[in-house]
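With full-length UniProt numbering, the residue at position 52 of the sequence shown is 52, and numbering never jumps.
Just so you know, even glycine gets a beta-carbon here, dropped at the ideal spot from N, CA and C.
Fair warning: this is a prediction, and the values are worked out from it, not measured in the lab.
Inspection log for the structure reproduced underneath, given as structure tokens.
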Amino acid sequence: MLMYREKFPTPSEWREIAIRDCYEAIRNYNTWITLMKVQNGEIYREEFCEKYCPMFPCNKCPKKGTEECDYCDASCEIGSGSTTCLLRVPQPYSSDVCFHAQQCYEKLLKFLISVSGRIPPKEHDLEKLLGLLLEIQDMSYRVIDRDIIECIDYLNLRNYNIARYCFKLPYEEVFRCRECAEKVLLKFSQETDLRR
Numbered sequence: 001m002l003m004y005r006e007k008f009p010t011p012s013e014w015r016e017i018a019i020r021d022c023y024e025a026i027r028n029y030n031t032w033i034t035l036m037k038v039q040n041g042e043i044y045r046e047e048f049c050e051k052y053c054p055m056f057p058c059n060k061c062p063k064k065g066t067e068e069c070d071y072c073d074a075s076c077e078i079g080s081g082s083t084t085c086l087l088r089v090p091q092p093y094s095s096d097v098c099f100h101a102q103q104c105y106e107k108l109l110k111f112l113i114s115v116s117g118r119i120p121p122k123e124h125d126l127e128k129l130l131g132l133l134l135e136i137q138d139m140s141y142r143v144i145d146r147d148i149i150e151c152i153d154y155l156n157l158r159n160y161n162i163a164r165y166c167f168k169l170p171y172e173e174v175f176r177c178r179e180c181a182e183k184v185l186l187k188f189s190q191e192t193d194l195r196r
């Protein structure tokens, strides 16, 4: 695994990290929305466990046949190594969606800065990174459009490094974070060469 403090990532490594964080935001959103369906009674908990629990089916579970046996019990350690079953936590993953979306944009901006030949600063503020990118005179990227800038403004309103440790974020906020992550993936898929 690449350690940022040991060496500076190459532009292609920044791109790879940005894409990975976008996919992680979307994966977390899908898990979160499925959990909401379980909690609302729209799907059976067994359906959730079959899709997301690494101990499913029951024959792989060390608690099979014991009084502690239950779908997605704490022994499964699903959810970032958590010892709490996701089905018993109110709105898990909601803040992780936004955290990874914010990380995705940070890496996108660092990718664009590094493509210009500069070393990106160890800065996490999206607006400061965007400002630095726009200061570079020879930059002319189609990827920095209104949608991307709106997402940067939106994601910069809250520090998701802190917010990810409080589980309850409003649905609209989580949905918007997922949309922002999808926009970066769409840009990367549309652009084979980000420079004109």
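Residue i (DSSP reduced to helix, strand or coil)
i, result
"Glu-123", "coil"
"Lys-51", "helix"
"Arg-20", "helix"
"Asp-145", "coil"
"Phe-175", "helix"
"Glu-150", "helix"
"Gly-131", "helix"
"Ile-136", "coil"
"Phe-99", "helix"
"Ser-116", "coil"
"Arg-15", "helix"
"Leu-109", "helix"
"Thr-10", "coil"
"Ile-43", "coil"
"Ser-75", "A caution first: Ser-75 carries a pLDDT of 47, below 50, which makes its placement in the model too unreliable to give a value."
"Lys-168", "coil"
"Tyr-93", "coil"
"Arg-158", "coil"
Burial state of residue i (16 or more Cβ within 10 Å)
i, result
"Glu-40", "Before going further, note that residue 40 is Asn rather than Glu in the sequence given. Its Cβ having fewer than 16 others within 10 Å, Asn-40 is exposed."
"Gln-103", "buried"
"Ser-82", "Only weak support is given to the placement of Ser-82: the predicted model assigns it a pLDDT of 40, under 50, and the question is left unresolved by the model."
"Pro-120", "buried"
"Tyr-171", "exposed"
"Asn-128", "Note on identity: in this sequence residue 128 is Lys, with Asn being the wrong assignment. Lys-128 should be labelled exposed."
"Glu-42", "exposed"
"Ser-95", "buried"
"Glu-135", "exposed"
"residue 197", "With the chain covering 1 to 196 only, the question about residue 197 has no answer from this structure."
"Thr-10", "exposed"
"Lys-122", "exposed"
"Arg-146", "exposed"
Cβ distance (whole Å) where residue i is taken to contact residue j below 8 Å
i, j, result
"Ala-25", "His-124", "That pair is no contact at about 16 Å."
"Leu-133", "Val-184", "About 14 Å; that fails the 8 Å criterion."
"Arg-176", "Tyr-154", "6 Å"
"Arg-158", "Tyr-29", "17 Å between Cβ atoms; not a contact."
"Val-97", "Val-174", "5 Å"
"Leu-126", "Asn-156", "4 Å"
"Tyr-52", "Thr-31", "6 Å"
Test: residue i CB closer than 8 Å to a CB of chain C
i, result
"Gly-131", "Reference to chain C is not applicable here, since this structure consists of a single protein chain."
Contact between the region 44–51 and the region 143–161 (3+ Cβ pairs under 8 Å): For the pair of segments examined, the region 44–51 was found not to touch the region 143–161: the number of CB pairs separated by less than 8 Å stays below three.
At least three beta-carbon pairs within less than 8 Å, the region 112–119 to the region 173–188: The region 112–119 vs the region 173–188: no contact.
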